[in-house]
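Colleague:
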Amino acid sequence: MKTYYLEEINSTNSYCKENIETYSDKTIIYTFHQTNGRGRFNRTWTEIGKDNLYMSIILKPSDKYKQVYANITQYTCLKLAEIIKTYTTNVEIKWPNDILVNKKKISGILAEAVYKNEKLKGLVIGVGINLNSEKSTLEKINQPATSLNLETGKFVDKQNFLSEFGKQYFNTYDKFIENGFISIKDDYLKYCKFLNTTVKIQENNGEKTVGKAKEVTDDGAIIINGKKYYSGDILISN
Ligand code: BTN
Numbered sequence: 041m042k043t044y045y046l047e048e049i050n051s052t053n054s055y056c057k058e059n060i061e062t063y064s065d066k067t068i069i070y071t072f073h074q075t076n077g078r079g080r081f082n083r084t085w086t087e088i089g090k091d092n093l094y095m096s097i098i099l100k101p102s103d104k105y106k107q108v109y110a111n112i113t114q115y116t117c118l119k120l121a122e123i124i125k126t127y128t129t130n131v132e133i134k135w136p137n138d139i140l141v142n143k144k145k146i147s148g149i150l151a152e153a154v155y156k157n158e159k160l161k162g163l164v165i166g167v168g169i170n171l172n173s174e175k176s177t178l179e180k181i182n183q184p185a186t187s188l189n190l191e192t193g194k195f196v197d198k199q200n201f202l203s204e205f206g207k208q209y210f211n212t213y214d215k216f217i218e219n220g221f222i223s224i225k226d227d228y229l230k231y232c233k234f235l236n237t238t239v240k241i242q243e244n245n246g247e248k249t250v251g252k253a254k255e256v257t258d259d260g261a262i263i264i265n266g267k268k269y270y271s272g273d274i275l276i277s278n
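Just so you know, the sequence shown maps onto residues 41 to 278 in the numbering used here.
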């Protein structure tokens, strides 16, 4: 694993996509100052102060897309949930891309694939994580949000968090790529508090469905009203 620090960048994901050929597999590019952070569905990822972490993981597992790559977001969620749990309790994964603590968002993931001439150049897994922030700043975000320092009452060392995360992430990454979602499913399910609750899911085309989230399948989809969902956004869960 290699890590590179950028003092300021518009978006670590945009930067990694543009410069993917410069970097090797298993590289983490991070910054504490992102001027145009991007979220899913063309949302912005608001910068909430210099003591938070914005990073992108560059992965180059092969030049052809494999099914397991669709589950890398879930793998990343699990690794984040595990490390956050070493700091605080009530950590959960909001399928498929978010981590919540006490029902408030603490981290979000934006996974993007980069192609050139129909060849997969790599995957860019962007992670924004609220490590240290003021309550008043978080209240300006348009959804319930929290940060690790607010949950623990302690300042979180960004470099420590990053190096621990990187270590844990790549400790099991090769095994995951080889064996797929099924190999992390049991651990993943421990953080899925939305199971057996009623959720409203929005598909990427905007269509919304309400129903009980019955199970996570062996390939990482969720089943609602008998239908398998591989992507989308859970809007409510109770
Ligand atoms: C989401 O919750 O919608 C995903 C947010 C992802 C934000 C991170 S911050 C680092 C990386 N660079 C970006 O522009 N976005 C991701």
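C-beta atoms are modelled at their ideal positions from N, C-alpha and C, and glycine is treated no differently.
In this text, all values refer to a predicted model and were calculated from it rather than measured experimentally.
List the whole-angstrom C-beta distance separating Pro88 from Asn170, where the pair is believed to meet the contact cut-off of C-beta under 8 Å.
Modeller: According to the sequence as given, residue 88 is Ile; it is not Pro. At roughly 6 Å, the Cβ-Cβ gap stays under 8 Å, so Ile88 and Asn170 are in contact.
Colleague: I'd like the list of long-range same chain contacts for Ala253, defined as Cβ closer than 6 Å, with 5 residues on each side in sequence excluded.
Modeller: If we look at Ala253 and ignore the five residues flanking it on each side, its Cβ neighbours are Phe234, Leu235, Val239, Ile262, Ile264.
Colleague: Cβ of Leu150 within 6 Å of any heavy atom in ligand 1?
Modeller: Yes, the beta carbon of Leu150 sits closer than 6 Å to at least one heavy atom of ligand 1.
Colleague: If distances are taken between C-alpha atoms only, which option among Ser51, Leu163, Val108 comes closest to Arg83?
Modeller: The option with the nearest alpha carbon to Arg83 is Ser51.
Colleague: Work out the CA separation of Met95 and Tyr155 for me, nearest whole Å.
Modeller: Approximately 21 Å between the Cα atoms of the pair.
Colleague: For Tyr269, which residues does DSSP report across the bridge?
Modeller: Its beta-bridge partners are Ile262.
Colleague: Let me make sure I understand the geometry here. Which of Glu191, Thr62, Gln107, Thr75 has the alpha-carbon closest to that of Lys125?
Modeller: The shortest C-alpha separation from Lys125 is found at Glu191.
Colleague: Closest to Lys106 by CA distance: which of Asn219, Thr186, Thr71 is it?
Modeller: Closest option to Lys106, Cα to Cα, is Asn219.
Colleague: Tell me which same chain residues have a C-beta within less than 8 Å of the C-beta of Asn76, skipping the five on either side of it?
Modeller: Asn50, Ser51, Ser54, Thr84, listed in sequence order.
Colleague: So within the region 150 to 202, which uninterrupted beta strand (DSSP E) runs reach at least 3 residues, ignoring any that extend past its ends?
Modeller: DSSP runs (the beta strand (DSSP E)) wholly in the region 150 to 202: 159 to 169.
Colleague: Output yes or no for whether 7 Å exceeds the beta carbon distance between Gly260 and Phe221.
Modeller: Closer than 7 Å, so yes.
Colleague: Please report the straight-line C-alpha distance between Ala153 and Tyr127, rounded to a whole angstrom.
Modeller: Between Ala153 and Tyr127, the C-alpha separation is close to 31 Å.
Colleague: So Asp226 is in the alpha helix (DSSP H); what residue range does that whole segment cover?
Modeller: First-last of the alpha helix (DSSP H) with Asp226: 225 to 229.
Colleague: Heavy atom of ligand 1 less than 6 Å from the Cβ of Trp135, yes or no?
Modeller: It does not: the Cβ of Trp135 is nowhere closer than 6 Å to a heavy atom of ligand 1.
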